[in-house]
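Note that UniProt numbering numbers the sequence shown so that position 71 is 71, with each residue one more than the last. Glycine included, each C-beta is placed from N, C-alpha and C at the ideal position. Just so we're clear, the structure is a prediction, and the values are computed from it rather than from any experiment. Working notes, beginning with the structure itself.
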Amino acid sequence: MTTPLAAIPPVSAALRAYGATGAPASDFGSMVGDAARASLATLRKAEATAARGVAGTADVQEVVQAAAAAELTVQTLTQLRDKVVGAYTDVLRMAV
């Protein structure tokens, strides 16, 4: 008889830190949609923080952290786009 494995503590902690519930998405489309919405929220937050920084109401450290988060988000989305385009061209090259 097999027993279910307990959740891996570091992964569970990471999921909680990022606000994930630990439950898998119902399908791939919803997972991609959730990731896109989270990315857009990060970019909007960074833009708002930068605007507050220009106005002088935000701390410099807060502005730098928001800019770094936005840069990481853009880099991740760019890499994801490149992978999707590469996969699409691979599918186009397939013999049917």
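{"query": "Alpha carbon to alpha carbon, how far is Ala66 from Thr49? Give it in angstroms, no decimals.", "result": "7 Å"}
{"query": "In whole angstroms, what separates the C-alpha of Val60 from that of Val91?", "result": "47 Å"}
{"query": "Anyone know if the C-beta pair for Leu77 and Ser30 falls short of 7 Å?", "result": "no"}
{"query": "Residue range of the alpha helix (DSSP H) that Thr42 falls in?", "result": "28-55"}
{"query": "Go ahead and pull the three-state DSSP assignment for Ala58.", "result": "coil"}
{"query": "Smallest Cα separation from Leu72: which of Val84, Tyr88, Ala46, Ala58?", "result": "Ala46"}
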